[in-house]
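Below: the structure, in structure tokens.
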Amino acid sequence: MDKISCAIIGSGNIGTDLMIKVMRMSKHLKMGAMVGIDPASDGLARAARLGIPVTHEGIDGLMKLPNYKDIQVVFDATSAKAHLHNDALLRRDGKKVIDLTPAAIGPFTIPVINGDANLSEPNVNMVTCGGQATIPIVYAVKRATKRLVYGEIVASIASKSAGPGTRANIDEFTETTSKAIEVLGGAERGKAIIILNPAEPPLIMRDTVFTLSQGGSQEEIEASILAMVAEVQKYVPGYRLKQKVQFEHIGDNLPVRIPGVGQASGLKTTVFLEVEGAAHYLPAYAGNLDIMTSAALTTADRWAGKMLAKEAA
């Protein structure tokens with residue numbers, strides 16, 4: 039077997055961009071099916087033109103496809119609520135599930151932090167677009183310090199890049215990202231904010247990361263952040279710092295109060311990020327969607343490569 043067959047559930051912006059990435063960039067995956075619920079969606083029409091099996095009957099339609107038995111990996115780009123139902127059926131049939139919703143059934147997964155550690159898990163969760171962009175920076179601060187007291191992220195995305203799935207999951211976005219800042223980023227307390235910017239022309243994805251840490255020098259923190267940016271750029275070339283890392287000392291004489299932690303002092307680090315998309319299907323300003331599909335493909339490709347290596351051994 040030269041490549042492993044995969045399916046994508048969700049024929050919207052994320053699913054369609056992911057389909058094109060699989061076809062153009064994947065080392066170990068090939069498209070086996072494109073699944074949606076809107077028979078008039080551009081994603082299903084595009085997939086059909088490319089000769090990919092399609093269905094507009096959702097998960098039930100996927101399971102009826104003649105080649106369903108050959109599909110080993112399924113990306114779910116629907117909604118948190120829909121994923122709960124889809125995951126139960128897919129795992130029953132032994133499919134590897136890559137979750138691009140905020141459902142967070144499986145472990146949080148960000149390629150540059152713990153991608154390899156979760157390869158054997160039946161379901162992995164790709165956190166959120168804001169999480170994929172910012173939590174690597176939180177983690178970079180954590181690994182360069184003795185204590186990471188707080189991590190806060192603000193993700194600003196173009197309103198046009200937020201489809202109905204994203205809009206329906208705003209609450210889940212903030213909850214899932216906040217939790218992942220703590221679980222993956224290593225912060226004792228995490229907070230996430232998302233802003234849908236209606237500006238015209240649409241603005242590129244911008245993210246701001248604030249951390250409060252203790253121990254570790256400014257030089258060590260900055261070096262760790264720069265190294266992390268370079269790692270993310272390996273699968274998201276448009277990921278970059280918008281300006282130099284900024285620092286501010288919070289003294290014991292004027293500590294900040296953090297809910298759940300109490301008063302704290304230390305070194306405040308501020309990082310401004312920009313994420314430009316690869317424009318495979320979506321406009322370049324939709325870096326928020328591009329980083330999700332890129333991270334999901336990277337994770338699935340690593341798993342598929344591992345499976346193919348086992349078969350060849």
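Start counting the sequence shown at 39; every next residue gets the next number (my numbering). Note that CB positions come from ideal geometry on N, CA and C, so glycine has one too.
Sub-9 Å separation of residue i and residue j beta-carbons
{"i": "L335", "j": "L128", "result": "no"}
{"i": "F113", "j": "I42", "result": "no"}
{"i": "V165", "j": "R227", "result": "no"}
{"i": "M266", "j": "P174", "result": "yes"}
{"i": "Y277", "j": "L311", "result": "yes"}
{"i": "G325", "j": "A230", "result": "no"}
{"i": "A125", "j": "V111", "result": "Checking the sequence shown, residue 125 turns out to be Asp, not Ala. Not closer than 9 Å, so no."}
{"i": "L234", "j": "S197", "result": "yes"}
{"i": "L157", "j": "T337", "result": "yes"}
{"i": "H66", "j": "M330", "result": "no"}
{"i": "S251", "j": "V192", "result": "no"}
{"i": "A142", "j": "N163", "result": "yes"}
{"i": "V187", "j": "I52", "result": "no"}
{"i": "A45", "j": "L100", "result": "yes"}
{"i": "A118", "j": "P140", "result": "yes"}
{"i": "T93", "j": "K102", "result": "yes"}
{"i": "G254", "j": "K306", "result": "no"}
Per DSSP, cross-strand counterpart(s) of residue i
{"i": "D137", "result": "D114 and N163"}
{"i": "Q252", "result": "R185"}
{"i": "L311", "result": "D245 and L279"}
{"i": "A193", "result": "I232 and D245"}
{"i": "E286", "result": "K306"}
{"i": "G109", "result": "A small fix is needed here, since residue 109 is Ile in this sequence, not Gly. Answer is S43."}
Run of the alpha helix (DSSP H) containing residue i, from where it starts to where it stops
{"i": "S79", "result": "Unbroken run through S79: none, as it is neither H nor E."}
{"i": "L100", "result": "G96 to K102"}
{"i": "I151", "result": "P149 to N152"}
{"i": "N51", "result": "N51 to M63"}
{"i": "V73", "result": "First-last for V73: L67 to V73, but that is the beta strand (DSSP E), not the alpha helix (DSSP H)."}
{"i": "G203", "result": "P202 to A206"}
Where residue i falls: helix, strand or coil (DSSP)
{"i": "Q281", "result": "coil"}
{"i": "S303", "result": "coil"}
{"i": "I90", "result": "coil"}
{"i": "D339", "result": "helix"}
{"i": "G325", "result": "helix"}
{"i": "I143", "result": "coil"}
{"i": "Q170", "result": "helix"}
{"i": "N291", "result": "coil"}
{"i": "A316", "result": "coil"}
{"i": "E238", "result": "coil"}
{"i": "V274", "result": "coil"}
{"i": "L222", "result": "coil"}
{"i": "S158", "result": "coil"}
Residue range of the beta strand (DSSP E) that includes residue i
{"i": "I296", "result": "V294 to I296"}
{"i": "I42", "result": "I42 to I47"}
{"i": "I233", "result": "R227 to N235"}
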